[in-house]
Amino acid sequence: MADAAYESTPGGAPPDQDSSWRQRYWKKNLRLMIVLLAIWFTVSFGFGVLLIEPMNSIEILGFPLGLWFAQQGSIYTFVLIILVYALWMDRIDDEFGVSERNGDGERA
Amino acid sequence: MSDIQFWTFFFIILTFGIYIFIAWRSRVKDTKEFYVASQGVPTIANGAAVAADWMSAASFIGMAGLIAFLGSDGSVYLMGWTGGYVLLALLLAPYLRKWGKFTVPEFVGDRYSESVRIVAAVAAIVVSFTYVVGQMNGGGIVFSRFLGLNLTWGVVVAAAIIFFYAVLGGMKGITYTQVAQYSVLITAYLIPAVAVAQQTTGIPVPQISYGRILAELDALSVEFGLHEFTEAFAGRDGGQIDVFLVTASLMLGTAGLPHVIIRFYTTKTVRGARYSAFWALFFISLLYLTAPAVGAFTKLNLLQGVRGATVDQLPAWIETWGATGLVTVADGVNTIQSVSNDAASGADLIVNNDILVLASPEIGGLPAPIIGLMAAGGMAAAMSTAAGLLLVISSAASHDLYFRVIKKEGASEGQQMLVGRVAMAAAIVIAIFAGINPPAFVAQVVAFAFGLAASTFFPILLLGIFWKRANGVGATAGMLTGLIFTSTYMIYTLEVFGTGSNDHILGVSPEGIGAIGALVNFTVTIVVSKLTAPPSHEVQEMVESIRYPQQRKVGADV
Chain B
27 MADAAYESTP GGAPPDQDSS WRQRYWKKNL RLMIVLLAIW FTVSFGFGVL LIEPMNSIEI
87 LGFPLGLWFA QQGSIYTFVL IILVYALWMD RIDDEFGVSE RNGDGERA
Chain G
1187 MSDIQFWTFF FIILTFGIYI FIAWRSRVKD TKEFYVASQG VPTIANGAAV AADWMSAASF
1247 IGMAGLIAFL GSDGSVYLMG WTGGYVLLAL LLAPYLRKWG KFTVPEFVGD RYSESVRIVA
1307 AVAAIVVSFT YVVGQMNGGG IVFSRFLGLN LTWGVVVAAA IIFFYAVLGG MKGITYTQVA
1367 QYSVLITAYL IPAVAVAQQT TGIPVPQISY GRILAELDAL SVEFGLHEFT EAFAGRDGGQ
1427 IDVFLVTASL MLGTAGLPHV IIRFYTTKTV RGARYSAFWA LFFISLLYLT APAVGAFTKL
1487 NLLQGVRGAT VDQLPAWIET WGATGLVTVA DGVNTIQSVS NDAASGADLI VNNDILVLAS
1547 PEIGGLPAPI IGLMAAGGMA AAMSTAAGLL LVISSAASHD LYFRVIKKEG ASEGQQMLVG
1607 RVAMAAAIVI AIFAGINPPA FVAQVVAFAF GLAASTFFPI LLLGIFWKRA NGVGATAGML
1667 TGLIFTSTYM IYTLEVFGTG SNDHILGVSP EGIGAIGALV NFTVTIVVSK LTAPPSHEVQ
1727 EMVESIRYPQ QRKVGADV
């Protein structure tokens, strides 16, 4: 396994004395996740199911708005959510020095 | 040979040739290549492969037709089958990739216990098999309609090609073939959609222009005894609760389906898994955003085509598709007054959901090459999904059951590969027989596969990653109660298991029960884990370690 080989590289990182960075890293990850999941729930179950009828009274380009969220808008948002998560996690990884962009080399 | 047959042969032979060429170029030698393509698949390619793997005959052939008749409520499939990727990308894929093993049963086996691994392996085989039979059948429909082969030969030909590249190339061959198949299927889906949108509204962007025809479509639908396309909660008997639960079940099921999760093991890094999920959903969304437009345009063209026409003036596609038995005009009808997708409705014209997409170029009056391309696209969708599923069946049977349970030690690489290939070959042969004579439950593949995945896999994967305290006893209990709860309700409400069908309780359809099954699983796993001993220190350490992409580098100061 590539990871295992990396971790056991002689002269590599000594075991972390201070593991508090791990907690901070994890907390940032969780916070980002919760915000994005709240948006995920709002556009799909919120606009597309629970509030679809009141939202349908607004019409844009022929689409009742609730229907548009249920069949189009929610999907656009899902794609964006995953992109934002990947980009933001890159920033968090960089900040804590656990980025995989260099190290074993691949810009995967 | 008709024009349509010529072009169908042309595109099918051309695309099959490409797949075989790719498979030959990427044939493999060891198990790591066979199961996870050496974890060396570039991110965008992996995303396209996931998309092809994901979009089955049901997505390509069936979904737009379903939406045409369900109208607004067709959103359960659109949101359900894409929203699950958000859960997958944020909650599962990066962590499972960090774990770094071959299969889903392997993860739960390491994380919980051997018994959980066995339950998971068996569940993965059952779910994947149900799904694969649906693909064989979908491929058979394409062959029998467009090439005039009978269904049996259609299924055998499709299976033989899958056999060739899956057994030869394993995950590597499958992945690169799927990239080609994605290109074929998305082209085949978008070209007719753009052409119809341009022809009907003058705007060649179907996702935007179908808004323009909704008012007209609503009026026409009512005229033919159907409900309005834009009316919410009219397409499903259970109303809002059911729409909510079906959407939730499909999302949780999507995130828990083994043949999707396994694809995130093929990336190089954890970061790669995150971006793969993005590319996968991006590629999937191209088809899913188009599907409701295809449904709306095809329905409009269909209704306009039969409006006021006497039986001998009906459009030609009704007769050609009538030969498959999927379109019927009621006896003694003079002009078509009512249309339905339900054979029991007694409407003048009955159109099966499954033919709307394949027939859409004909219904819209598009030229023969486009119709032939459509057939190649349908085949690509069916074959790419079938191949991915067969790989899961093979890895669960050989890697997780045979070598863990029966022959525990001393298996060489060569032996493991041989057993993997034999398991795949056996699965294909059984799938051919089942594809020709589908068992009744295959028609309920959506309820069955997604309900099962949502109520068994999703909760224990999520808790396994985010809650260190979850243990083997809890997970076993949770999985089994989720499974029993969900399947009991399905047997209660569906006729296909040889029992009578009963009324839905509180309007919850069998497709929606998986979400409740997942809640049951969560509750049981948590309660039982709390009441029993916590997992070992090593397991808790492993759970901790998958939260971080890699060891920190020396000198990183935060």
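If you read the protein sequences in the order shown, they are chains B and G. Per our numbering, residue 27 is the first one in the first sequence, and the count goes up by one each step. Per our numbering, residue 1187 is the first one in the second sequence, and the count goes up by one each step. Ideal placement from N, C-alpha and C gives every residue a C-beta, glycine not left out.
Distance between residue 45 of chain B and residue 1724 of chain G (C-alpha atoms, nearest Å): Start at 1 with the first residue of the second sequence, and residue 1724 of chain G comes out as number 538. Start at 1 with the first residue of the first sequence, and residue 45 of chain B comes out as number 19. So the two alpha carbons sit approximately 17 Å from each other.
Within-8 Å CB hit, residue 1471 of chain G to chain B: Start at 1 with the first residue of the second sequence, and residue 1471 of chain G comes out as number 285. Yes - at least one Cβ of chain B is within 8 Å of the one on residue 1471 of chain G.
Residue 1446 of chain G versus G:1414, G:1657, G:1485, G:1577, residue with shortest Cα-Cα distance: Position 260 of the second sequence, counted from the first residue, corresponds to residue 1446 of chain G. Of the candidates G:1414, G:1657, G:1485, G:1577, the one whose C-alpha sits nearest the C-alpha of residue 1446 of chain G is G:1577.
Any chain B beta carbon closer than 8 Å to residue 1398 of chain G: As a working mapping, residue 1398 of chain G is identified with position 212 in the second sequence. Taking Cβ atoms only, chain B reaches closer than 8 Å to residue 1398 of chain G, which makes this a yes.
Where residue 124 of chain B sits in the DSSP three-state scheme: By one-based count along the first sequence, residue 124 of chain B stands at place 98. Residue state, collapsed to three classes: coil.
Any C-beta of chain G under 8 Å from that of residue 84 of chain B: The sequence position of residue 84 of chain B within the first sequence is 58, counting from 1. Not closer than 8 Å to any Cβ of chain G, the Cβ of residue 84 of chain B fails to qualify, so no.
Cβ-Cβ separation, residue 1315 of chain G to residue 1579 of chain G (assumed contact under 8 Å), whole Å: Your numbering for residue 1579 of chain G matches position 393 in the second sequence. Your numbering for residue 1315 of chain G matches position 129 in the second sequence. Right, their Cβ atoms sit about 6 Å apart.
Delimiting residues of the alpha helix (DSSP H) encompassing residue 1666 of chain G: Numbered from its first residue, the second sequence carries residue 1666 of chain G at position 480. Unbroken alpha helix (DSSP H) run through residue 1666 of chain G: 1658-1679.
Residue 71 of chain B vs residue 1433 of chain G beta-carbon contact at 8 Å: Residue mapping note: residue 71 of chain B aligns to position 45 of the first sequence, counting from 1. Residue mapping note: residue 1433 of chain G aligns to position 247 of the second sequence, counting from 1. Yes.
Candidates G:1513, G:1727, G:1289: closest to residue 1654 of chain G by CA position: Position 468 of the second sequence holds residue 1654 of chain G. The candidate whose alpha carbon is nearest that of residue 1654 of chain G is G:1727.
Beta-carbon contacts of residue 1243 of chain G that lie in its chain and below 6 Å, excluding the five residues immediately before and after: Residue numbering aside, residue 1243 of chain G sits at position 57 when the second sequence is read from its first letter. Hits under 6 Å: 1321, 1324, 1567, 1568.
Per-residue DSSP class, three states only, for residue 1614 of chain G: Within the second sequence, residue 1614 of chain G is the residue found at index 428, counting from 1. Residue 1614 of chain G falls in the helix class under three-state DSSP.
Nonlocal neighbours in the same chain, by C-beta distance under 6 Å from residue 1742 of chain G, ignoring five residues either side: Working through the second sequence from its first residue, we reach residue 1742 of chain G at position 556. Only weak support is given to the placement of residue 1742 of chain G: the predicted model assigns it a pLDDT of 46, under 50, and the value that follows is read from those uncertain coordinates. Contacts found: none.
Any C-beta of chain G under 8 Å from that of residue 73 of chain B: In the first sequence, residue 73 of chain B corresponds to position 47, counting from 1. No, no contact with chain G.
Minimum Cβ-Cβ distance from residue 1233 of chain G to chain B less than 8 Å: Working through the second sequence from its first residue, we reach residue 1233 of chain G at position 47. Using beta-carbon distances, residue 1233 of chain G does not count as an interface residue toward chain B, since no partner is under 8 Å.
Exposed unless 16 or more other CB atoms sit within 10 angstroms - verdict on residue 1619 of chain G: For the purposes of this step, residue 1619 of chain G is taken as the residue at position 433 of the second sequence. So residue 1619 of chain G ends up on the exposed side.
C-alpha gap between residue 98 of chain B and residue 1561 of chain G, whole angstroms: Counted from its first residue, the first sequence places residue 98 of chain B at position 72. Counted from its first residue, the second sequence places residue 1561 of chain G at position 375. Distance between the alpha carbons of residue 98 of chain B and residue 1561 of chain G: 26 Å.
Closer than 8 Å to chain G by CB, residue 96 of chain B: One-based indexing of the first sequence puts residue 96 of chain B at position 70. By this cut-off, residue 96 of chain B is an interface position.
Run of the alpha helix (DSSP H) containing residue 1304 of chain G, from where it starts to where it stops: Taking the first residue of the second sequence as position 1, residue 1304 of chain G is located at position 118. Run containing residue 1304 of chain G: 1300-1332, per the alpha helix (DSSP H) assignment.
Interface flag, residue 1468 of chain G vs chain B, CB-CB below 8 Å: Numbered from its first residue, the second sequence carries residue 1468 of chain G at position 282. At least one chain B Cβ lies under 8 Å of residue 1468 of chain G.
The stretch 1495-1511 of chain G contacting the stretch 1412-1427 of chain G, beta-carbon criterion three pairs below 8 Å: no
Residues bridged to residue 1525 of chain G (per DSSP): Along the second sequence, read from residue 1 onward, the residue named residue 1525 of chain G stands at position 339. Partner(s): G:1535.
Own chain partners of residue 1666 of chain G with C-beta closer than 8 Å, once the 5 adjacent residues on each side are dropped: Position 480 of the second sequence holds residue 1666 of chain G. Excluding sequence neighbours, residue 1666 of chain G sits near 1305.
Neighbourhood of residue 1238 of chain G by C-beta distance below 6 Å, restricted to the same chain and skipping five residues each side: Counted from its first residue, the second sequence places residue 1238 of chain G at position 52. Same-chain partners within the cutoff: 1364, 1367, 1368, 1570.
For residue 1513 of chain G, the residue or residues it bridges with in DSSP: Taking the first residue of the second sequence as position 1, residue 1513 of chain G is located at position 327. Partner(s): G:1537.
Chain-ordered chain B contacts of residue 1401 of chain G [CB-CB under 9 Å]: For the purposes of this step, residue 1401 of chain G is taken as the residue at position 215 of the second sequence. Going along chain B in sequence order, the residues near residue 1401 of chain G (Cβ under 9 Å) are 88.
Whole-number beta carbon distance between residue 1390 of chain G and residue 1384 of chain G, since they are thought to touch under 8 Å: For the purposes of this step, residue 1384 of chain G is taken as the residue at position 198 of the second sequence. For the purposes of this step, residue 1390 of chain G is taken as the residue at position 204 of the second sequence. Sure, about 4 Å apart at Cβ, within 8 Å.
Within 7 Å of chain B by C-beta, residues of the stretch 1362-1394 of chain G in sequence order: Answer set for the stretch 1362-1394 of chain G: 1393, 1394.
Residue-chain proximity (residue 1456 of chain G, chain B), Cβ-Cβ < 8 Å: Position 270 of the second sequence holds residue 1456 of chain G. True, the Cβ-Cβ gap to chain B drops below 8 Å.
Nearest-angstrom Cβ-Cβ length linking residue 1372 of chain G and residue 1472 of chain G, presumed shorter than 8 Å: Within the second sequence, the letter at position 186 stands for residue 1372 of chain G. Within the second sequence, the letter at position 286 stands for residue 1472 of chain G. Confirmed, about 6 Å.
Which listed residue (G:1551, G:1318, G:1647) has its alpha carbon closest to that of residue 1240 of chain G: As a first step, residue 1240 of chain G must be located in the second sequence, where it is residue number 54. Of the listed residues, the one whose Cα sits closest to residue 1240 of chain G is G:1318.
Minimum Cβ-Cβ distance from residue 109 of chain B to chain G less than 8 Å: For the purposes of this step, residue 109 of chain B is identified with residue 83 of the first sequence, where counting begins at 1. At least one chain G Cβ lies under 8 Å of residue 109 of chain B.
Residues of the stretch 49-68 of chain B whose Cβ lies closer than 8 Å to any Cβ of chain G, in chain order: Result list: 50, 51, 52, 55, 59, 62, 63, 66.
Rounded distance between the beta-carbons of residue 1212 of chain G and residue 1359 of chain G, thought under 8 Å: Start at 1 with the first residue of the second sequence, and residue 1359 of chain G comes out as number 173. Start at 1 with the first residue of the second sequence, and residue 1212 of chain G comes out as number 26. At roughly 5 Å, the Cβ-Cβ gap stays under 8 Å, so residue 1359 of chain G and residue 1212 of chain G are in contact.
Cutoff 6 Å; reference residue 1309 of chain G; Cβ partners in own chain excluding five residues on either side: The count along the second sequence starts at 1 and reaches residue 1309 of chain G at position 123. Only 1642 meet the Cβ criterion.
Pair within 8 Å by beta-carbon distance, residue 1428 of chain G and residue 1693 of chain G: Here residue 1428 of chain G refers to the residue found at position 242 when the second sequence is read from its first residue. Here residue 1693 of chain G refers to the residue found at position 507 when the second sequence is read from its first residue. Against a cut-off of 8 Å, the Cβ pair of residue 1693 of chain G and residue 1428 of chain G comes out as a contact.
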